[in-house]
């Protein structure tokens, strides 16, 4: 890690000004929303920007509130704010629990949800969970606002699909109903997780049948991914899920297109996906991992 | 602790709060990075992208023309300097000359008005390389057709720290070899009741310190002055004396607090480069490395050890044989001594009648390796203590009982020719066994292990000091040792206060400035409390002897009529404290007396090692068999320290050493791929975290006052590391039945080993 190269930091008053700055500086500029990934990459000379546009100064971008059937979390909300938010803890506890385990306390105090998602680091915890929860990103551009599903927002490793003038303003996460069970588990050796796995189960009224499942695995492919095969395998009688879960894990691993790298072999990752999926299912159904 | 012996102590053997603690936690303590000299320039280093290449050409003109740049230092422009350094083998150019030998080696340095400008100018330098084939592993490097790293012949450095010759520079990539042999191993193995045999690997590790390497150099009319983070300023002085061809009186190393060393800051590192920059730029130059650059500067030697150990029918170890290949990387640094020490330490703390150790230290195109906490002992104890458990299992003996049965006994000359054992390992083992509940039932998935080690420690005994007792009764210690967090600036004044009979708060430490403080060979090998502590004790006594003579003079009596008491003298009815003695002697309430001490290889220190650094460690782990994740649940350490001058600091070192051992045992490993260091940063090089620490930690010290240091003290602070990686392998075996012989025991490695063990037993996978 070397010194940061020279750059100017700009503080837009509102989104419109931020968008104008983005447009104006083009490839020389980047949004700055905490910098826990961006500044690291700049210090390693992997990225160079002469202009950073500090989106954290825009008022109202860090709010967290219930909006109809969704929980809205502003892009500039820090992981720490999410972790400690009473409304998140009450209405989306899995999100608060996930946030409480992002990186370390210094990153959580500075890094933001929007910065995390827009940077599209493949090891992102929030991206994996939000994919399983069906969260949608909101983006504001010159021509107005649009909503993107997580798999639309995340275009690849370190790559989002936002247009040059678009700014991520927050995410809307459906608030789970009483019959929905969710879990996020991760396995970590180094600073970033080796594997993140999110599971969301929609149960019938007496809890005996899984009506619908969404599961996502992160860290092991350029973007977190779901598997329709795995999800349809998981759906069905809850008491026999253990018999279907191994095959579901295999299907999810197939979707992730695993490779050998420093975090582990593809074989080990495949095995861990199975282990974490089974543990997540137990956590959803029995309340323990 | 033996209470009756310690009852008389007023200041030592007490956990007085560390003196520099408040300054350090509040950010007021001075480190080299805080130092700023008038007119100071800043240097940044351009590093080689190739592991092995010839430098065909270098164009630095654009960098030199960059606004704010003063100069560019390059390897073909060092006329007037002797650019190679190395206390053992003078093989290390201060900046690459003609070729590079590892990826990350400095090839040029830009000197500019500020650090950022120097950094920006680095990319304006154009270097043309011709890549050469590289060798990354010892056995590959020793192959007949391997590319040769060093073509030059080398002389053995006078300060290499051992008596044998150096092997480097004889036309192969062998840097050093060392052989030990007594008894007849072949016959012993032929007659053994049981034999354990295997190949073990101890990884390349980085001795992470919070402060990366930093040096500020100034070359002026009165010589070279360097502020440095060096552990051994006098050793660095010797290298610089040669580079600049100046008398040592003109080389001045000043070392304020060092922000952690763990061996990585021993001997010369970036001081030659910083001082060559200052020489070139004709102004003071600061060179501050980042952590990532520090990881490209020094690492620990990795070791591949084939070992076999035999027992007789009574469970006595009768033979050990090992063949070791260690990897020093591109330069020798201190690895020739690591080679000798790891060979010695391969024997373990056991009296074994037949021993043969053959050790090879090999050059490769990787980051140079040097001292690392434990100093060669941890590398081979991974093999040695693993094998003790393997043998115990073979003969159906409890591994703890097996160790008790075989551990060296007090006063036993278990290593022929060396100092008889000055510790009590069986006592240490019993304490640890008790503290980790050795005999208690274990939950499923848990395993325990116990281990021990003894290292020939203390390095070469050459240490001197001056204790200045002032007329107001306070004192200043002139200490050549460096304070790198180990607590010497607290322990040494405790000793002076004890001897002089004055309050601890009245003793000041003046430290590690080669122009001011008397010579101390080094601050390493756990030696400071033993050697500098003894020097402080003797110098304090010598000051007292002088003050007794002064008292006789002022009282007009014979010396024999004066009785030295705590804090002063008595003579009949007269009672004078030291302040009164000096004030009356000088007839002025000012002035001082200087007590001196010179420790050399003589008397108590005639036989090496200075002391055996011994400890026992025990752990309990739990293993998540589905993921392979190992959690350390309990840790017990017992440091065999003779007498702890400051028990809290001694225990702090033990848990620190054990934590380093846990890191290497479980996560730490520098990995190379395609000739590059793959994880040379703290995101990808996994250090231990507080969350990895066991819930239950029991630290204990055995204090039998059996060392040659002050009041029977011996060194500590490394031994708890040495057995830990083997502890982890043994505890994982106990928990799962899987034997892993390569550290670190990462989750995937453990998972695979469990799976393979199950498959071999014909069990179903879980």
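Protein chains in written order, with our numbering: chain L, 1 to 289; chain U, 1001 to 1766. Quick reminder that beta carbons are idealized off the backbone N, C-alpha and C, glycines included. None of the values given here were measured: they were computed from a predicted structure.
Stretch pair the segment 1557 to 1572 of chain U + the segment 1746 to 1754 of chain U: three plus CB contacts closer than 8 Å: They do not touch, by the three-pair rule.
Among L/83, L/241, L/56, L/122, nearest to residue 263 of chain L - alpha-carbon criterion: Of the candidates L/83, L/241, L/56, L/122, the one whose C-alpha sits nearest the C-alpha of residue 263 of chain L is L/122.
Using a beta-carbon distance cut-off of less than 9 Å, what residues from the segment 1651 to 1685 of chain U approach chain L? Listed by position along the chain: 1667, 1671, 1673, 1678, 1679, 1681, 1682, 1683, 1684, 1685.
I'd like the ranges of any alpha helix (DSSP H) spanning at least 4 consecutive residues and lying wholly in the segment 1011 to 1068 of chain U. List check, alpha helix (DSSP H) in window: 1021 to 1025, 1061 to 1065.
Decide yes or no for the touch test of the segment 89 to 105 of chain L against the segment 174 to 190 of chain L: beta carbon pairs closer than 8 Å, at least 3 of them. These segments touch.
Using a Cβ-Cβ cut-off of 8 Å (strictly less than) and excluding sequence neighbours within five positions of residue 16 of chain L, which residues of its own chain qualify? Same-chain partners within the cutoff: there are none.
Any C-beta of chain U within less than 8 Å: which residues of the segment 167 to 197 of chain L qualify? Answer set for the segment 167 to 197 of chain L: 187, 189, 190, 191, 192.
By the criterion of Cβ-Cβ separation under 7 Å, what are the contact partners of residue 1119 of chain U in chain L? Residues of chain L passing the Cβ test: 2, 3.
Alpha carbon to alpha carbon, how far is residue 1010 of chain U from residue 1002 of chain U? Give it in angstroms, no decimals. Reliability of the predicted coordinates at residue 1002 of chain U is poor, the pLDDT of 36 falling under 50, and no value is obtained from them.
Test: residue 1366 of chain U CB closer than 8 Å to a CB of chain L: By this cut-off, residue 1366 of chain U is not an interface position.
Chain U partners of residue 220 of chain L, CB-CB under 9 Å? Per Cβ cutoff of 9 Å: no residues; residue 220 of chain L is ~13 Å from chain U at best.
Contacts of residue 1116 of chain U in chain L (Cβ-Cβ under 9 Å): Near residue 1116 of chain U (Cβ distances below 9 Å), the residues of chain L are 3, 4, 5, 6.
Name, going along the chain, the residues of the segment 1743 to 1762 of chain U whose beta-carbon falls closer than 7 Å to a beta-carbon of chain A. The structure shown contains no chain A; the protein chains it does contain are L and U.
Just to check my reading of the structure: residue 1682 of chain U and residue 1185 of chain U have Cβ atoms closer than 8 Å, yes? What is that Cβ distance to the nearest angstrom? Separation of the CB atoms of residue 1682 of chain U and residue 1185 of chain U is rounded to 43 Å, and the pair is thereby denied contact status at 8 Å.
Chain L beta carbons: is any one of them nearer than 8 Å to that of residue 1167 of chain U? Answer no: the Cβ-Cβ gap between residue 1167 of chain U and chain L never drops below 8 Å.
Secondary structure at residue 1175 of chain U, three-state DSSP: helix, strand or coil? Three-state result, residue 1175 of chain U: strand.
Just the C-alpha distance for residue 275 of chain L and residue 1254 of chain U, rounded to the nearest angstrom, thanks. Between residue 275 of chain L and residue 1254 of chain U, the C-alpha separation is close to 56 Å.
Is residue 1379 of chain U helix, strand or coil when you go by DSSP? Residue 1379 of chain U: helix per DSSP, three-state reduction.
What residues from chain U crowd round residue 268 of chain L, counting only those whose CB sits closer than 7 Å? What residue 268 of chain L touches in chain U: 1748, 1751.
What residues of chain U sit near residue 264 of chain L, judged by a beta carbon separation below 9 Å? Among the residues of chain U, those whose CB is under 9 Å from the CB of residue 264 of chain L are 1746, 1747, 1748, following chain order.
Based on the DSSP secondary-structure assignment, which residues constitute the bridge partners of residue 1106 of chain U? According to DSSP, which records beta bridges pairwise, residue 1106 of chain U is partnered with U/1047.
Specify the secondary structure class of residue 1367 of chain U as computed by DSSP and reduced to three states. Residue 1367 of chain U falls in the coil class under three-state DSSP.
For residue 1006 of chain U, which residues in the same chain have their Cβ closer than 6 Å to its Cβ, ignoring the five residues on either side in sequence? At residue 1006 of chain U, the pLDDT of 49 sits below 50, so the modelled position is not reliable; the number obtained from the coordinates is stated separately. Exclusion of the five residues before and after residue 1006 of chain U leaves 1013 as the residues of its chain whose Cβ lies within less than 6 Å of its Cβ.
Among U/1209, U/1356, U/1361, which has the Cα closest to the Cα of residue 1172 of chain U? Of the candidates U/1209, U/1356, U/1361, U/1361 places its Cα closest to the Cα of residue 1172 of chain U.
Proximity to residue 1689 of chain U [Cα-Cα], best of U/1727, U/1463, U/1447, U/1668: Nearest option by C-alpha distance: U/1668.
Distance between residue 1738 of chain U and residue 1751 of chain U (C-alpha atoms, nearest Å): About 9 Å.
If I'm right that residue 3 of chain L touches residue 1116 of chain U with Cβ under 8 Å, what's the distance once you round it to whole angstroms? The distance from the Cβ of residue 3 of chain L to that of residue 1116 of chain U is about 5 Å, consistent with a contact at the 8 Å cut-off.
Note down, in chain order, each residue of its chain lying with its Cβ closer than 7 Å to the Cβ of residue 62 of chain L, except the 5 sequence neighbours on either side. The beta carbon of residue 62 of chain L sits closer than 7 Å to those of 74, 76, 77, 81, all from its chain and outside the five residues before and after it, given in chain order.
Can you check which of these residues, U/1346, U/1103, U/1227, U/1022, is closest to residue 1514 of chain U by C-alpha distance? The shortest CA-to-CA distance from residue 1514 of chain U to any of U/1346, U/1103, U/1227, U/1022 is the one to U/1227.
Could you compute how far the alpha carbon of residue 1118 of chain U sits from the alpha carbon of residue 1286 of chain U? Near 11 Å, if we compare the C-alpha coordinates of residue 1286 of chain U and residue 1118 of chain U.
What does a CB cutoff of less than 7 Å around residue 1713 of chain U pick up in its chain, not counting 5 residues either side in sequence? So the qualifying residues of the chain are 1529, 1530, 1533, 1641, 1642, 1643, 1645, 1707.
By a C-beta neighbour count over all protein chains shown, 10 Å radius and 16 as the cutoff for buried, is residue 1765 of chain U buried or exposed? Summary for residue 1765 of chain U: the model assigns pLDDT 49, below 50, so the residue's position carries little reliability; its value from the coordinates is reported in the next sentence. Residue environment analysis places residue 1765 of chain U among the exposed positions, since fewer than 16 neighbouring C-beta atoms fall within 10 angstroms of its C-beta.
Please decide whether residue 1617 of chain U counts as near chain L, where near means a Cβ-Cβ distance under 8 Å. No, residue 1617 of chain U lies away from the interface with chain L (no Cβ there is under 8 Å from its Cβ).
At a CB-CB cut-off below 8 Å, which residues of chain L make contact with residue 1627 of chain U? By Cβ distance, chain L contributes 187, 272, 275.
If you run the structure through DSSP and keep just helix, strand and coil, what is residue 1438 of chain U? In this structure, residue 1438 of chain U counts as coil in the three-state DSSP scheme.
List, in chain order, every chain L residue whose beta-carbon is nearer than 7 Å to that of residue 1228 of chain U. Within 7 Å Cβ-Cβ: nothing; residue 1228 of chain U doesn't reach chain L, min ~21 Å.
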